[in-house]
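S.K.:
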Ligand SMILES: Nc1ncnc2c1ncn2[C@@H]1O[C@H](COP(=O)(O)OP(=O)(O)OP(=O)(O)O)[C@@H](O)[C@H]1O
Ligand SMILES: Nc1ncnc2c1ncn2[C@@H]1O[C@H](COP(=O)(O)OP(=O)(O)OP(=O)(O)O)[C@@H](O)[C@H]1O
Ligand code: SF4
Ligand code: SF4
Ligand SMILES: [Mg+2]
Ligand SMILES: [Mg+2]
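Chains as they are written, first to last, in this note's numbering: chain W, 1 to 337; chain F, 1001 to 1346.
So this is what it looks like as structure tokens:
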């Protein structure tokens, strides 16, 4: 078995479109999204509420509910030790184990959701290790205690036998990180892992994650609505709006020289602590309801640069503005309408 | 705007809200000191920020001012052009009148709005419950006036709240809170649940309403960057107590308490080159049932000295209008400034 070439992405998402069957009709949550994650890379996925971040993340582990419809051309490929796993083609629950808690792990915004209330932290960590590794029960427990110590939980040998509700918010988040990393996944999906935490605790958790990424060399899909967190954590970023990727690029490119009107507006709307006298400029208008999806460019109802007759009629495709930096917008120089 | 010093709208003098935690077989039950001896002056017409970590007592303090949390000790004095009242001593009639003067804007507009009422009825409800208006016409006029100020039109008033986006719902809750024409409002995490693209809009609206209606706003938030932008005064709360208060510009330019400095430092910077530079605070906020002796911040303070563990720091003015509770504020100030040091590597 040949090792994967260095250029092979760890994960490749192509033309991913996700709809939900609901009483009110089909809702489009993700529309033609493509991105790659290289081994060891941290990709930030940023966007406001309802932009489709969580639905995209859950698709990678096939965790979306029964009313989900994946468009036929959608492809999610995980490259693992020379194998290419076609995630959306996995049929049996057994086959999905590889993307659920094995090679891919996920941490959630609300840590209580990922711990079963009736089991101790230790029982859950051990169970997961038995499922995904060939450790014995004894080895698994020792490893779990070690992981809890690594994330800064004091007296881990005693605390491992406690329940999640006995932990503070910050400790629960650490325990969840310990559990997610214990199987040494190649890809960690972190969905708003620090949003519920105070800034002081968030800073600790981000430091911890940065250290572990460097040590384990795993890739992270880091989901947040906070561009500051992205600036501090990600190598590259994809900005989502209403289920589409508006702009992608290296973090410095996108934050310092945004080219998509939505990214630029979002950065202007942010209060900047270094310049409290700067006026706050909201993005015009409101986010449209998912039942009332705009035609053409989904941002056209709020865009200051919208070109009538073009932006409301056609969908702009991704355009390369600099190496590795892409945006989907008709107002960019050289984009055909 | 006049340049004369603002009179005080609400003043707190040694305010405490303590809760008894269950019962124990032996000895006295432990006490949760949610708010612990707070003295504070909130100037009239100010946009007054209250910041601090989760559990520091911000909501409890706001609720105590609105007579919605039990006061264990201390005094709350409310003054406007018409009345001066001791809030803790209000009788039933006094309380009814007070509720028209001091109001709460709800934290979570989703939970606060009844799904079966039209927007008009939601905004009108406090007027009707408090019997402020005499006729349906008068109510409608009030509702239309405040709705227009909150940029809601007649069409909006006929609809139900589920048809609105987060930003619109927040405008509905603001209109509801302001319908009775209060002079003082507590806005508790009013933009925390909102996306940044609409958060700025609500903050600008609150600023305008303060000017137009002459409001005093106690703005509770854990987001310092938001507070830096909208508030003219800021109080920093830690474990039930105020550790620093001052005019925002001064406090942001030169924090005087190590906790204020740490809170600033923890805000994720938009500059990717700032990675790993921030000064970090270790540990978590202790339980308010077990407040550390001496300086209550000493278990996490990076600059702690022996004296801090036993001696409660005095509350003192270290710069005009800037007060702080730290023994070593003067020596530490240069180490707490947020001005970025030039990068030696650059
Ligand atoms: N099971 C479902 N059935 C119907 N619609 C759904 C379902 N799950 C998600 N959606 C819709 O898909 C869209 C995208 O949702 P998603 O949870 O991915 O947003 P998000 O970007 O993660 O937002 P947030 O920042 O609020 O977490 C939303 O409009 C949501 O209402
Ligand atoms: N009714 C109550 N009984 C007992 N304890 C209470 C009660 N209300 C609040 N507390 C406690 O008082 C402390 C302060 O709570 P409070 O809600 O005021 O904090 P906060 O600063 O508003 O936090 P957050 O940022 O999470 O909203 C907390 O430890 C809380 O658990
Ligand atoms: S395509 Fe048109 S509407 Fe969309 S972002 Fe660009 S200019 Fe604005
Ligand atoms: S009094 Fe001491 S422990 Fe408290 S903030 Fe000042 S230096 Fe830190
Ligand atoms: Mg989400
Ligand atoms: Mg609160």
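Glycine residues also receive a C-beta, built at the ideal position from the N, C-alpha and C atoms.
Any idea which residues DSSP pairs residue 1317 (chain F) with across the strands?
M.R.: F:1323.
S.K.: Is the CB of residue 1342 (chain F) under 8 Å away from at least one CB in chain W?
M.R.: Note on residue 1342 (chain F): pLDDT 41, under 50, position unreliable in the model; no value is reported.
S.K.: Does the beta-carbon of residue 1264 (chain F), which I'm using as the reference point, lie nearer than 7 Å to any heavy atom of ligand 8?
M.R.: Of the ligands one can find in the structure shown, namely ligand 1, ligand 2, ligand 3, ligand 4, ligand 5 and ligand 6, none is ligand 8.
S.K.: Is any beta-carbon of chain W found at less than 8 Å from that of residue 1185 (chain F)?
M.R.: No - not a single Cβ of chain W is within 8 Å of the one on residue 1185 (chain F).
S.K.: Just checking residue 300 (chain W) against ligand 3 - is the residue's beta carbon closer than 7 Å to any of the ligand's heavy atoms?
M.R.: Yes, since a heavy atom of ligand 3 falls inside the 7 Å radius drawn around the Cβ of residue 300 (chain W).
S.K.: Just the C-alpha distance for residue 1076 (chain F) and residue 1241 (chain F), rounded to the nearest angstrom, thanks.
M.R.: Taking the straight line from one Cα to the other gives about 16 Å.
S.K.: My assumption, with CB atoms under 8 Å, is that residue 160 (chain W) sits in contact with residue 145 (chain W). Please give the rounded CB distance.
M.R.: At roughly 6 Å, the Cβ-Cβ gap stays under 8 Å, so residue 160 (chain W) and residue 145 (chain W) are in contact.
S.K.: May I have all residues whose beta carbon comes closer than 5 Å to any heavy atom of ligand 4, sorted in chain order?
M.R.: In chain order, the hits are F:1258, F:1295, F:1297, F:1298, F:1301, F:1303, F:1304, F:1308, F:1313, F:1326, F:1327, F:1328.
S.K.: Spatial neighbours of residue 194 (chain W) within its chain, please: CB distance less than 6 Å, with the 5 preceding and 5 following residues excluded, ordered by chain position.
M.R.: Hits under 6 Å: 202, 205.
S.K.: Whole angstroms is fine: what's the gap from residue 1037 (chain F)'s alpha carbon to residue 1073 (chain F)'s?
M.R.: Rounded to whole angstroms, residue 1037 (chain F) to residue 1073 (chain F) spans 8 Å at the Cα level.
S.K.: Could you check how far apart the C-beta atoms of residue 1012 (chain F) and residue 1056 (chain F) are, in whole angstroms? I think they sit under 8 Å.
M.R.: Not a contact, Cβ separation roughly 15 Å.
S.K.: Any Cβ of chain F within less than 8 Å of the Cβ of residue 109 (chain W)?
M.R.: So, not an interface residue.
S.K.: Under 7 Å: does the beta carbon of residue 1131 (chain F) sit that close to some heavy atom of ligand 5?
M.R.: No, Cβ of residue 1131 (chain F) sits at least 7 Å from all heavy atoms of ligand 5.
S.K.: I need the DSSP call for residue 269 (chain W), collapsed to helix, strand or coil.
M.R.: In the structure shown, residue 269 (chain W) sits in a helix (DSSP, three-state: H, G or I).
S.K.: So, at 7 Å on beta carbons, what are the nonlocal neighbours of residue 1046 (chain F) in its own chain, with the 5 sequence-adjacent residues on each side left out?
M.R.: For residue 1046 (chain F), where only same-chain residues beyond five positions count, the Cβ hits under 7 Å are 1006, 1216, 1232, 1233.
S.K.: Check whether the region 312-325 of chain W touches the region 1176-1188 of chain F, taking contact to mean three or more Cβ pairs, one atom from each stretch, closer than 8 Å.
M.R.: No contact exists between the region 312-325 of chain W and the region 1176-1188 of chain F.
S.K.: Given a cut-off of 8 Å on the beta-carbon distance, is the pair residue 287 (chain W) and residue 1165 (chain F) in contact?
M.R.: Going by C-beta atoms, residue 287 (chain W) is nearer than 8 Å to residue 1165 (chain F).
S.K.: Measuring only between beta-carbons, confirm whether residue 1053 (chain F) sits less than 8 Å from chain W.
M.R.: Yes - at least one Cβ of chain W is within 8 Å of the one on residue 1053 (chain F).
S.K.: Which ranges does the alpha helix (DSSP H) cover as unbroken runs of at least 4 residues, wholly within the region 198-268 of chain W, from first to last along the chain?
M.R.: Those alpha helix (DSSP H) runs which fall completely within the region 198-268 of chain W and span 4+ residues are 199-216, 227-233, 251-256.
S.K.: Any contact of the region 149-158 of chain W with the region 88-102 of chain W, i.e. 3+ C-beta pairs under 8 Å?
M.R.: Touching, no.
S.K.: Could you name the residues of chain W that residue 1170 (chain F) contacts, counting a contact when the two beta carbons are closer than 7 Å?
M.R.: Chain W residues near residue 1170 (chain F): none, gap ~11 Å exceeds 7 Å.
S.K.: So what does DSSP say about residue 83 (chain W), is it helix, strand or coil?
M.R.: Three-state result, residue 83 (chain W): strand.
S.K.: Going along chain F in order, which residues have a C-beta closer than 7 Å to the C-beta of residue 252 (chain W)?
M.R.: Chain F residues near residue 252 (chain W): 1272.
S.K.: Give me the Cα-Cα distance between residue 1344 (chain F) and residue 1336 (chain F), rounded to the nearest whole angstrom.
M.R.: Below a pLDDT of 50, predicted positions are generally treated as unreliable, and residue 1344 (chain F), at 40, falls in that range; the measurement from the model is reported next regardless. So the alpha carbons of these two residues sit roughly 19 Å apart.
S.K.: Mind listing, in chain order, the continuous alpha helix (DSSP H) runs of no fewer than 4 residues lying wholly within the region 1020-1069 of chain F?
M.R.: Those alpha helix (DSSP H) runs which fall completely within the region 1020-1069 of chain F and span 4+ residues are 1058-1065.
S.K.: Cα separation between residue 1017 (chain F) and residue 1311 (chain F)?
M.R.: The alpha-carbon atoms of residue 1017 (chain F) and residue 1311 (chain F) are separated by roughly 23 Å.
S.K.: Okay, do the region 261-279 of chain W and the region 1189-1206 of chain F touch, 3+ Cβ pairs below 8 Å being the bar?
M.R.: Segments in contact, yes.
S.K.: For residue 1165 (chain F), return the contacting residues in chain W, with the cut-off set at a CB-CB distance below 8 Å.
M.R.: Neighbours of residue 1165 (chain F) on chain W, chain order: 286, 287, 289.
S.K.: Identify, in the order they occur along the chain, each residue of the same chain with its Cβ nearer than 7 Å to the Cβ of residue 1224 (chain F), setting aside the five sequence neighbours on each side.
M.R.: Correct list, in chain order: 1051, 1263, 1264, 1267.
S.K.: Just to confirm the assignment: which complete beta strand (DSSP E) runs, minimum length 3, are found wholly within the region 1167-1210 of chain F?
M.R.: DSSP runs (the beta strand (DSSP E)) wholly in the region 1167-1210 of chain F: 1184-1188.
S.K.: Residue 1247 (chain F): which of F:1238, F:1258, F:1229 sits nearest, CA to CA?
M.R.: Comparing Cα positions, the closest option is F:1229.
S.K.: So, are the CB atoms of residue 190 (chain W) and residue 244 (chain W) less than 8 Å apart?
M.R.: Cβ atoms of residue 190 (chain W) and residue 244 (chain W): not closer than 8 Å.
S.K.: Less than 8 Å between the C-beta atoms of residue 295 (chain W) and residue 313 (chain W), yes or no?
M.R.: In contact: residue 295 (chain W) and residue 313 (chain W) (Cβ atoms closer than 8 Å).
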